[in-house]
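Trainee: Take this structure, written in structure tokens, and hold onto it; I'll ask about it next.
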């Protein structure tokens, strides 16, 4: 059994390095280019036209950034990944027709390979824009491109940009991946159709997340939102000395234009020196459309309202480290339980805990189930999950700890999350179901007779339906693998396709094998 496992690992590594020669086109580093039907264009043109229209007519800006996910890049089934040249042609044509390139200094992580530093110079100071490019090279198909990776060389380059940006009034760092989903050696937005407008008002940075086709757009720049204050990094004292409240939108009440899209209202900051206050702005444009913007503000430098638990968890947690720790813990739990009950004596007693321990003892003491489950869990932890075309034309192998493709190794990230889901929703439930089944067999029941026990029919049916649901989920995972990475990956997948077949065989064997016996520590055999 151990030789089989070792051979499986070697096979995965060998297939990963045996990539056929060819040219890999990295248009967006999420796959390769391909032709597509023009029927995809109508829905896409509105997506591309809307940002261009915003930048050309409705929002006056100095720097426009597209950070990625400009195209759908999906197969017809919406499951797999595939670059369609017609989508990029539509995007290019919209840019030409809108003439946005003539009005805006435009950078893109897809056009300029690697991170970069741009300094926008004004009469009143310089402002740095630093792009942290954490995209994968090469870029595997979804879903294994969800996390970005920054190696030490890239981190050193970003550190150089950081030092250079210290000469500017303020600096803005941006990229396709959030800091909580980037793997580094040191510490689907597109579908939501949202964009972000940022503004500096006396070196105080404010921003507003807005939806397309929702007008007018409102951004309150002063007083700044209390949740986003940065004492020590921003001149917060200027809020107290200011004489106007800035509103980016149409005027309301006493508001009057201060040039361009900027409107101001007189206010007295001395009335709000302590505590947290709320400012509410209602804006109505010439077309009768209105928007309301409300935010809290404070003039106390040491008073900063905190975010909620969920927001803080999503943005501040290193999800890569958390997922890896959870994966290791669940693997050790699964394997440790099997090993422990393999060598522990058979428990005695009639309580619920004793019966559960007896069930685990039965599974661990029967070689067929013990070695099958042990190999399955070890393969989930160390062996290849599947071998196939992670990039069109290039073979690779996916492991929990990373992906080998085209001679490159991409460190594991989302793989740990998928591994935890696999363990919690299939490996562990399968073990529990086999324990429950063998416990019934040990008490003299068969698959038919255990349904006839008085008062237990619905509970028994619920157990079987739950296992059927989990098998259906595993079968769907196999289908997803087939649609995303092709037939080779489907056939060479120990953790998906092979595991599905293995689980069916183990369930069948549990209900058809001879009634099991419990084995104690002294090697004596007694009926359980």
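In mature numbering (1 follows the signal peptide of the UniProt record, and there is no 0), the protein residues as written are -18 to -1, 1 to 510. C-beta atoms are modelled at their ideal positions from N, C-alpha and C, and glycine is treated no differently.
Does the structure place the stretch 333 to 340 close enough to the stretch 367 to 383 that three or more beta carbon pairs sit under 8 Å?
Mentor: no
Trainee: Nearest to residue 375 by alpha carbon, out of 277, 347, 467, 263?
Mentor: 467
Trainee: In angstroms with no decimal places, state the Cα-to-Cα distance between residue 382 and residue 358.
Mentor: Rounded to whole angstroms, residue 382 to residue 358 spans 13 Å at the Cα level.
Trainee: Which value, in whole angstroms, describes the spacing of the CA atoms of residue 341 and residue 411?
Mentor: 14 Å
Trainee: Check the C-beta distance from residue 320 over to residue 355 and give it rounded, since I have them as a contact under 8 Å.
Mentor: 6 Å
Trainee: If you compare alpha carbons, which of 208, 294, 282 is closest to residue 261?
Mentor: 208
Trainee: Which one of 476, 398, 275 has the shortest CA to CA distance from residue 312?
Mentor: 398
Trainee: In the DSSP assignment, what are the bridge partners of residue 143?
Mentor: The bridge partners DSSP lists for residue 143 come to none.
Trainee: Enumerated in chain order, which unbroken segments of the alpha helix (DSSP H) with a length of 4 residues or greater are wholly contained in the stretch 254 to 320?
Mentor: 291 to 298
Trainee: Please classify residue 196 as buried or exposed, where buried requires at least 16 other C-beta atoms within 10 Å of its C-beta.
Mentor: exposed
Trainee: Please list the terminal residues of the continuous beta strand (DSSP E) segment that includes residue 240.
Mentor: Run containing residue 240: none; DSSP gives neither H nor E here.
Trainee: Put residue 119 into one of helix, strand or coil per three-state DSSP.
Mentor: coil
Trainee: I need the straight-line Cα distance from residue 10 to residue 473, nearest angstrom please.
Mentor: Annotation note: pLDDT 29 at residue 10 (below 50); position unreliable, coordinate value reported separately. Distance between the alpha carbons of residue 10 and residue 473: 29 Å.
Trainee: Considering Cα atoms alone, identify which of 290, 119, 76 is closest to residue 96.
Mentor: 119
Trainee: Determine which residues share a DSSP beta bridge with residue 102 and list them.
Mentor: 109
Trainee: Can you confirm whether the stretch 100 to 116 touches the stretch 148 to 157 when touching is taken to mean that 3 or more C-beta pairs between the two stretches lie within less than 8 Å?
Mentor: A contact exists between the stretch 148 to 157 and the stretch 100 to 116.
Trainee: Nearest-angstrom Cα distance between residue 403 and residue 307?
Mentor: A direct Cα-Cα distance of roughly 13 Å separates residue 403 from residue 307.
Trainee: Which one or two residues does DSSP pair with residue 363 in a beta bridge?
Mentor: Paired residue(s): none; residue 363 is not in a bridge.
Trainee: Give me whichever residues DSSP pairs with residue 368 in a beta bridge.
Mentor: 380
Trainee: Considering only their Cβ atoms, is the gap separating residue 408 from residue 485 smaller than 9 Å?
Mentor: Residue 408 sits close to residue 485, with the two beta carbons spaced by under 9 Å.
Trainee: From residue 295 to residue 324, what does the alpha carbon distance come to, in whole angstroms?
Mentor: 39 Å
Trainee: For a test of the three-state rule: what should DSSP assign to residue 192, helix, strand or coil?
Mentor: strand
Trainee: What would DSSP say about residue 457, mapped onto helix, strand or coil?
Mentor: helix
Trainee: Quick one: any contact between the stretch 440 to 460 and the stretch 337 to 351, if contact means 3 or more CB pairs under 8 Å?
Mentor: no
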